[in-house]
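Using the UniProt record's numbering, count along the sequence shown one by one with no gaps and you end on 164. Where a beta carbon is used, it is the ideal one built from N, C-alpha and C, also for glycine. Here the structure is a predicted model, which means the values were calculated and not measured. Written out below as structure tokens is the structure these notes cover.
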Amino acid sequence: MERADRNFAELLQELRVTQTGVQILFAFLLTLAFTPRFPSLDSVQRGMYVATLLLAVLATVLFMAPAALHRGLFRRHAKPQIVDTSSRFAIAGMAALALALTGSVLLVVDVALGRPAGIGAGVAVFLLHAGLWGVMPLMARRRVPGPDTVQTPATGDGSRGPTD
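Okay, here's the thing in structure tokens:
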């Protein structure tokens with residue numbers, strides 16, 4: 001149970017960082033609809049705006065879900081399940097945030113420089129997220145021993161042990 005408590009505390013710290021970013025993005029997106037230039041957006045730009053706003057809402061909800069889950073299962077001795085489910089919420093939230101950031105850049109660059117530049121910038125932001133938030137962690141995971149093995153410094157062999 002001690003490991004689950006530690007893992008949950010680490011997860012909550014990660015969520016604090018991401019949640020701040022998504023809340024700032026969400027606030028920015030909410031104000032856009034009330035700017036003087038908003039009525040001049042074409043239907044594609046308005047669609048991008050609504051999709052991006054909804055993705056930011058989804059990311060916010062997913063990042064807040066672990067706290068609600070913890071409250072719902074408080075004192076039920078379900079910390080390992082809470083950690084597992086909360087980790088899935090965090091991954092889904094990061095995917096939604098990556099798409100919301102991509103949509104935001106796509107929209108802003110589209111308005112400022114035109115559709116081709118907006119699409120190019122959106123693709124670049126998407127690929128950056130896919131690389132840093134998707135591919136890189138998967139590659140790093142392959143190089144790190146699993147949770148039930150410990151690499152011993154002397155021999156380098158994988159022996160069973162209680163690790164994270």
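Task: The alpha helix (DSSP H) enclosing residue 20, as first and last residue numbers - done: Within the sequence shown, residue 20 is the residue found at index 20, counting from 1. Where residue 20 is concerned, the enclosing alpha helix (DSSP H) stretches over 2-32.
Open item on the list: Using C-beta distances below 7 Å, list every residue in its chain close to residue 38, excluding the 5 sequence neighbours before and after it, in chain order.
Closed with: Position 38 of the sequence shown holds residue 38. Closer than 7 Å at the Cβ level, and outside the excluded window around residue 38, lie 32.
Task: Simplified DSSP assignment, three categories, for residue 58 - done: Position 58 of the sequence shown, counted from the start, is the residue given in the question as residue 58. In this structure, residue 58 counts as helix in the three-state DSSP scheme.
TODO: Would you mind sorting residue 117 into buried or exposed? The rule is 16 or more other CB atoms within 10 Å of its CB.
DONE: Position 117 of the sequence shown, counting from 1, holds the residue named residue 117. Exposed, by the Cβ-count rule.
TODO: Between the Cα of residue 95 and those of 34, 48, 134, 10, spot the shortest distance and give me the residue it belongs to.
DONE: For the purposes of this step, residue 95 is taken as residue 95 along the sequence shown, with counting starting at 1. Nearest C-alpha to residue 95: 134.
Open item on the list: The alpha helix (DSSP H) that contains residue 86, what's its start and end?
Closed with: Counting from one through the sequence shown, the residue named residue 86 turns up at place 86. Note, residue 86: alpha helix (DSSP H), 79-113.
Open item on the list: Assuming contact is defined by CB atoms lying nearer than 8 Å, are residue 86 and residue 30 in contact in what I supplied?
Closed with: The sequence position of residue 86 within the sequence shown is 86, counting from 1. The sequence position of residue 30 within the sequence shown is 30, counting from 1. No, these two residues do not count as a Cβ contact at 8 Å.
Task: Local Cβ density within 10 Å of residue 35, reported as buried at 16 or more and exposed below that - done: What you label residue 35 is simply residue 35 of the sequence shown in a count that begins at 1. Label assigned to residue 35: exposed.
TODO: Taking the CB atoms as reference points, tell me whether residue 144 and residue 121 lie closer together than 8 Å.
DONE: Within the sequence shown, numbered from 1, the residue matching residue 144 stands at position 144. Within the sequence shown, numbered from 1, the residue matching residue 121 stands at position 121. Not in contact: residue 144 and residue 121 (Cβ atoms no closer than 8 Å).
- [ ] Apply the 10 Å Cβ neighbour rule to residue 100 and answer buried if 16 or more other Cβ atoms are within range, or exposed otherwise.
- [x] Position 100 of the sequence shown, counted from the first residue, corresponds to residue 100. Residue 100 comes out buried.
Open item on the list: Using the three-state DSSP reduction, which class does residue 53 fall into: helix, strand or coil?
Closed with: Counted from its first residue, the sequence shown places residue 53 at position 53. Reduced to three states, the DSSP call for residue 53 is helix.
TODO: Would you mind giving the Cβ-Cβ distance between residue 51 and residue 103, rounded to the nearest angstrom? I have them listed as a contact below 8 Å.
DONE: Looking up residue 51 in the sequence shown gives position 51. Looking up residue 103 in the sequence shown gives position 103. Residue 51 to residue 103, Cβ: 6 Å. Contact.
- [ ] Tell me whether residue 116 sits in a helix, a strand or coil according to DSSP, three-state version.
- [x] Position 116 of the sequence shown, counted from the first residue, corresponds to residue 116. It is helical.
Task: Expected contact under 8 Å - CB spacing of residue 170 and residue 15 to nearest Å - done: The question about residue 170 has no answer here: the residues shown for the chain are numbered 1 through 164.
- [ ] Determine the contact status of residue 131 and residue 18, defining contact as a CB-CB distance below 8 Å.
- [x] Here residue 131 corresponds to residue number 131 of the sequence shown, with the count starting at 1. Here residue 18 corresponds to residue number 18 of the sequence shown, with the count starting at 1. No; because the gap between Cβ atoms is not below 8 Å, this pair is not in contact.
Open item on the list: Going by DSSP in three states, residue 63 sits in which element: helix, strand or coil?
Closed with: Here residue 63 refers to the residue found at position 63 of the sequence shown. Residue state, collapsed to three classes: helix.
- [ ] Could you have a look at residue 41 and say whether DSSP puts it in helix, strand or coil?
- [x] By one-based count along the sequence shown, residue 41 stands at place 41. Residue state, collapsed to three classes: coil.
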